[in-house]
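Number of protein chains: 2
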Amino acid sequence: MTPSQAAPPYRATDRTVPTRVRERASHDRELVHSILDETSVCHLGFVRDGAPVVLPTLYGRVGDVLYVHGSTGSRPLRMAGQADRGLEVCLTVTHVDGLVLARSAFHHSINYRSVVVHGTARQVTDPEEKRTALDALVDHVVPGRSSDSRPANAKELAATAVLRLDLDEVSAKVRTGGPGDDPEDLALPYWTGVVPVVRGYGAPVAADDLDPSVPLPAYLSAL
Amino acid sequence: MTPSQAAPPYRATDRTVPTRVRERASHDRELVHSILDETSVCHLGFVRDGAPVVLPTLYGRVGDVLYVHGSTGSRPLRMAGQADRGLEVCLTVTHVDGLVLARSAFHHSINYRSVVVHGTARQVTDPEEKRTALDALVDHVVPGRSSDSRPANAKELAATAVLRLDLDEVSAKVRTGGPGDDPEDLALPYWTGVVPVVRGYGAPVAADDLDPSVPLPAYLSAL
Numbered sequence: 001m002t003p004s005q006a007a008p009p010y011r012a013t014d015r016t017v018p019t020r021v022r023e024r025a026s027h028d029r030e031l032v033h034s035i036l037d038e039t040s041v042c043h044l045g046f047v048r049d050g051a052p053v054v055l056p057t058l059y060g061r062v063g064d065v066l067y068v069h070g071s072t073g074s075r076p077l078r079m080a081g082q083a084d085r086g087l088e089v090c091l092t093v094t095h096v097d098g099l100v101l102a103r104s105a106f107h108h109s110i111n112y113r114s115v116v117v118h119g120t121a122r123q124v125t126d127p128e129e130k131r132t133a134l135d136a137l138v139d140h141v142v143p144g145r146s147s148d149s150r151p152a153n154a155k156e157l158a159a160t161a162v163l164r165l166d167l168d169e170v171s172a173k174v175r176t177g178g179p180g181d182d183p184e185d186l187a188l189p190y191w192t193g194v195v196p197v198v199r200g201y202g203a204p205v206a207a208d209d210l211d212p213s214v215p216l217p218a219y220l221s222a223l
Numbered sequence: 001m002t003p004s005q006a007a008p009p010y011r012a013t014d015r016t017v018p019t020r021v022r023e024r025a026s027h028d029r030e031l032v033h034s035i036l037d038e039t040s041v042c043h044l045g046f047v048r049d050g051a052p053v054v055l056p057t058l059y060g061r062v063g064d065v066l067y068v069h070g071s072t073g074s075r076p077l078r079m080a081g082q083a084d085r086g087l088e089v090c091l092t093v094t095h096v097d098g099l100v101l102a103r104s105a106f107h108h109s110i111n112y113r114s115v116v117v118h119g120t121a122r123q124v125t126d127p128e129e130k131r132t133a134l135d136a137l138v139d140h141v142v143p144g145r146s147s148d149s150r151p152a153n154a155k156e157l158a159a160t161a162v163l164r165l166d167l168d169e170v171s172a173k174v175r176t177g178g179p180g181d182d183p184e185d186l187a188l189p190y191w192t193g194v195v196p197v198v199r200g201y202g203a204p205v206a207a208d209d210l211d212p213s214v215p216l217p218a219y220l221s222a223l
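These protein sequence lines map, in sequence, to chains A and B.
Heads up: the first sequence runs through residues 1 to 223, numbered per UniProt numbering.
Heads up: the second sequence runs through residues 1 to 223, numbered per UniProt numbering.
What follows is the structure in structure tokens.
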């Protein structure tokens with residue numbers, strides 16, 4: 001890729017430059033997207049009655065926009081809809097890649113890749129964007145699935161609220177590699193290294209009431 | 001277990017009884033502990049300058065107390081230390097167990113087990129409790145590891161801040177089972193079922209500078 005084609009990094013702000021271990025932080029757009037696209041569950045934080053709330057929830061991505069959804073009756077969705085100015089959120093996605101076992105307890109760590117997004121989530125009111133967002137949410141769980149399921153009908157659309165969060169104030173943080181023991185500890189007689197954490201999919205389990213003539217789609221056997 | 005020996009459930013509060021899908025929520029103490037003990041990374045939420053912040057971090061558990069730690073220079077640790085009344089947090093742990101593919105886009109879901117803890121985190125100042133907490137943090141990553149590594153020395157202890165969060169206002173939420181399609185969708189020609197999400201460990205990778213005469217400990221080969 002020539003430099004002119006490279007996606008520009010996200011801007012650095014006070015909230016997205018860590019106070020510590022800065023070399024692990026990045027604003028690289030492609031790195032951020034790759035971390036976001038590897039799973040479909042994030043942890044969404046918001047403030048209710050002055051106190052923090054962190055809930056796991058599904059999300060989808062369309063370019064530089066994330067979408068989360070929920071019942072129109074759920075608390076964060078109601079809060080974002082009530083407030084004209086939206087709901088301030090922090091959306092975080094983390095992959096744990098390895099357990100880092102140093103000789104010293106102090107240098108034990110985790111290999112991980114995380115993305116933290118700060119911003120204001122706003123309810124999506126445009127029907128076209130809402131449909132696009134819901135497709136993105138389903139396709140984020142399993143790519144290709146939205147076109148192989150029944151789309152939401154009018155009643156379901158009305159019961160579902162979608163929040164939009166622009167990727168603007170966002171950063172990634174990555175730790176890789178082995179333990180970082182101090183020189184004076186290198187001769188200690190403890191095993192040291194990394195235990196990889198692996199994540200994958202088991203064989204799909206068909207629902208009891210699935211018509212046996214319906215084949216397993218290629219996008220699932222390829223997972 | 002006889003009823004008299006059963007651990008009592010956590011109390012239900014406004015914050016730990018969901019407004020929706022209440023049948024998925026539980027205050028069962030053993031269920032909460034089992035979810036907490038299955039991983040070592042949580043998402044810790046707090047409020048900074050009025051806005052939510054959610055960061056992944058390691059935690060340990062000792063009975064009904066959780067511990068998180070960090071550099072004395074890190075922002076949440078500094079905030080908890082500065083404020084005499086501690087730092088209001090929400091600590092959330094989530095396991096994704098399966099992708100639930102319904103015939104309708106609307107009924108797509110995730111099988112998961114999560115725990116949400118609300119409370120005030122306070123800096124641990126007692127040296128004995130601090131040591132216990134740090135051992136618990138290491139043992140939460142790999143059971144048995146704290147006694148097979150060099151304990152923190154005085155300088156490391158001074159550089160590490162530990163926060164204590166009592167398990168009091170806490171709940172679990174669990175979704176299991178297959179898709180819940182509406183009766184009128186049962187004949188639609190889409191594959192439906194659950195794709196299990198599996199998580200495990202790869203073979204431990206020794207550090208380059210490990211003395212080859214140091215054997216892999218049993219607590220690691222048993223992972």
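Each residue gets a CB set at the ideal place from its N, CA and C atoms; glycine is no exception.
Environment of residue i [buried if 16+ CB atoms lie within 10 Å]
i, result
"Thr13/B", "exposed"
"Met1/B", "Because Met1/B sits at a pLDDT of 43, beneath the cut-off of 50, its placement in the model cannot be relied upon, and the following sentence gives the value as read from the coordinates. Flag for Met1/B reads exposed."
"Arg20/A", "exposed"
"Ser4/A", "Residue confidence for Ser4/A is low, a pLDDT of 48 falling below 50, so the modelled location carries little weight; the figure read from the coordinates is stated next. By the neighbour-count rule (16 or more Cβ atoms within 10 Å), Ser4/A is not buried but exposed."
"Ser147/B", "exposed"
"Val205/A", "exposed"
"Gly45/B", "buried"
"Ala133/B", "buried"
"Lys173/A", "buried"
"Thr160/A", "buried"
"Arg103/A", "buried"
Integer-rounded CB distance, given that residue j should sit under 8 Å from residue i
i, j, result
"Trp191/B", "Leu216/A", "6 Å"
"Asp126/A", "Leu186/B", "About 32 Å; that fails the 8 Å criterion."
"Val54/B", "His43/A", "5 Å"
Cβ-Cβ distance between residue i and residue j below 8 Å
i, j, result
"Tyr112/A", "Val96/A", "yes"
"Val17/B", "Val170/B", "no"
"residue 229/A", "Ala207/B", "Given a span of 1 to 223 for chain A in the structure shown, any question on residue 229/A remains unanswerable."
"Asp135/A", "Asp64/A", "no"
"Val41/B", "Pro56/B", "yes"
"Thr61/B", "His118/B", "Checking the sequence, you will find Arg at residue 61/B rather than Thr. No, the Cβ-Cβ distance between Arg61/B and His118/B is not below 8 Å."
"Val47/A", "Pro52/B", "yes"
"Gly73/A", "Ala80/A", "no"
"Leu220/B", "Val142/B", "yes"
"Leu58/A", "Leu91/A", "no"
"Gly202/B", "Val198/A", "yes"
Given residue i as reference, the closest of the options once Cα atoms are compared
i, options, result
"Thr176/B", "Ile110/B, Arg131/B, Asp135/B, Pro204/B", "Ile110/B"
"Pro196/A", "Asp211/A, Gly178/A, Asp209/A", "Gly178/A"
"Glu38/B", "Val65/B, Ala102/B, Val115/B", "Val115/B"
"Gly144/A", "Ala105/B, Ser74/B, Gly119/B", "Ala105/B"
"Pro212/A", "Ala80/B, Val198/B, Pro189/B", "Pro189/B"
"His108/A", "Arg150/A, Gly180/A, Arg122/A, Lys130/A", "Gly180/A"
"Asp49/B", "Ala152/A, Val89/A, Glu129/A", "Val89/A"
"Gly200/A", "Val124/A, Leu223/A, Leu36/A", "Leu223/A"
"Ala7/A", "Arg22/A, Arg15/A, Ser34/A, Glu128/A", "Ser34/A"
"Arg164/A", "Ala102/A, Lys130/A, Ala218/A", "Lys130/A"
"Glu156/A", "Ser71/A, Pro9/A, Asp28/A", "Ser71/A"
"Glu30/B", "Pro9/B, His43/B, Arg15/B", "Pro9/B"
"Ser149/A", "Arg15/B, Val214/B, Arg11/B, Leu101/B", "Leu101/B"
"Ala121/A", "Ala152/A, Pro151/A, Ala154/A, Asp168/A", "Asp168/A"
"Glu184/A", "Asp182/B, Asn153/B, Ala158/B", "Asn153/B"
"Arg15/A", "Glu23/B, Arg22/B, Glu128/B, Arg75/B", "Arg75/B"
Residue i Cβ short of 7 Å to the ligand FAD heavy atom set
i, result
"Glu23/A", "In the structure shown, the ligand FAD is absent, as is every other ligand, since no ligand is present at all."
With 8 Å as the C-beta to C-beta threshold (strictly closer), list the residues of the stretch 62-91 of chain A near chain B in chain order. From the stretch 62-91 of chain A, only Ser71, Gly73, Ser74, Arg75, Glu88, Val89, Cys90, Leu91 have a Cβ closer than 8 Å to chain B.
Could you please tell me which residues of the stretch 133-150 of chain B, in chain order, have their CB closer than 7 Å to any CB of chain A? Leu134, Val138, Val141, Val142, Arg145, Ser146, Asp148, Ser149, Arg150
Which residues, taken in chain order from the stretch 188-206 of chain B, show a beta carbon closer than 8 Å to some beta carbon of chain A? The residues in question are Leu188, Pro189, Tyr190, Trp191, Thr192, Gly193, Val194, Val195, Pro196, Val197, Val198, Arg199, Gly200, Tyr201, Gly202, Ala203, Pro204, Val205, Ala206.
Cβ-based contacts, 7 Å cut-off: residues of the stretch 166-177 of chain B near chain A: none
Could you please tell me which residues of the stretch 28-45 of chain B, in chain order, have their CB closer than 7 Å to any CB of chain A? Val41, His43, Gly45
Of all the residues that make up the stretch 49-63 of chain B, which are near chain A by a beta-carbon distance shorter than 8 Å? Gly50, Ala51, Pro52, Val53, Val54, Leu55, Pro56, Leu58
Just by C-beta distance, which residues in the stretch 102-123 of chain B are closer than 8 Å to chain A? Ala102, Arg103, Ser104, Ala105, Phe106, His108, Ile110, Tyr112, Ser114, Val116, His118
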